[in-house]
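To start, the structure under review is shown below, and the notes come after it.
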Amino acid sequence: MAIQEHLRPFKLHFAVASVAAIMITYFIYLGPTFSSLVGFFWPLLLSTTFLLAAVAVILRISPPPHTDAAALRAGDDIIDFVAGTPYEQLGGAAALEERPIQKPL
91 MAIQEHLRPF
101 KLHFAVASVA
111 AIMITYFIYL
121 GPTFSSLVGF
131 FWPLLLSTTF
141 LLAAVAVILR
151 ISPPPHTDAA
161 ALRAGDDIID
171 FVAGTPYEQL
181 GGAAALEERP
191 IQKPL
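Residue numbers (this note's numbering): 91 to 195.
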């Protein structure tokens, strides 16, 4: 009797777990088999295999990239622009002056 008293607060949890187990069982029973999935998607699987093999071959035969200082600094300008370099550093401090808003006539 003491065990039932301790398990009573978890009644909802047991019900949800039971319903979830039944739903998973029905999905497995009613769902497609692995062979039917492979039979349907074999062109996609084959083309993906060929693409990955081609990438592996190209990486194998291509020379490694150069690591000189100019190549390492190639994207610094765009990174500074995207990061939001302060406007004063770009030489546009005069453009920051407040201008009165003109009212329409």
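Every residue, glycine too, gets a C-beta built ideally from N, C-alpha and C.
Task: Continuous beta strand (DSSP E) assignments of at least 3 residues falling wholly in the region 129-170 - done: Runs found: none.
Task: Alpha carbon of Y116 to alpha carbon of V128, nearest angstrom - done: Numbered from its first residue, the sequence shown carries residue 116 at position 26. Numbered from its first residue, the sequence shown carries residue 128 at position 38. If I take the Cα positions, the gap works out to 21 angstroms.
TODO: Look up K193 in the DSSP assignment and say whether it is helix, strand or coil.
DONE: Start at 1 with the first residue of the sequence shown, and residue 193 comes out as number 103. In the structure shown, K193 sits in coil (DSSP, three-state: anything other than H, G, I, E or B).
Task: Between the CA atoms of P122 and L97 - distance to the nearest angstrom - done: Along the sequence shown, one-based indexing puts residue 97 at 7. Along the sequence shown, one-based indexing puts residue 122 at 32. L97 and P122 have their alpha carbons spaced roughly 38 angstroms apart.
Open item on the list: In whole angstroms, give me the CA-to-CA distance for Y119 and P154.
Closed with: Residue numbering aside, residue 119 sits at position 29 when the sequence shown is read from its first letter. Residue numbering aside, residue 154 sits at position 64 when the sequence shown is read from its first letter. So the alpha carbons of these two residues sit roughly 51 angstroms apart.
- [ ] Could you give the DSSP three-state label for T123: helix, strand or coil?
- [x] Within the sequence shown, numbered from 1, the residue matching residue 123 stands at position 33. In the three-state DSSP reduction, T123 falls in the coil class, being neither helix nor strand.
- [ ] Express the C-alpha separation of I148 and P133 in angstroms, rounding to a whole number.
- [x] One-based indexing of the sequence shown puts residue 133 at position 43. One-based indexing of the sequence shown puts residue 148 at position 58. The alpha-carbon atoms of P133 and I148 are separated by roughly 23 angstroms.
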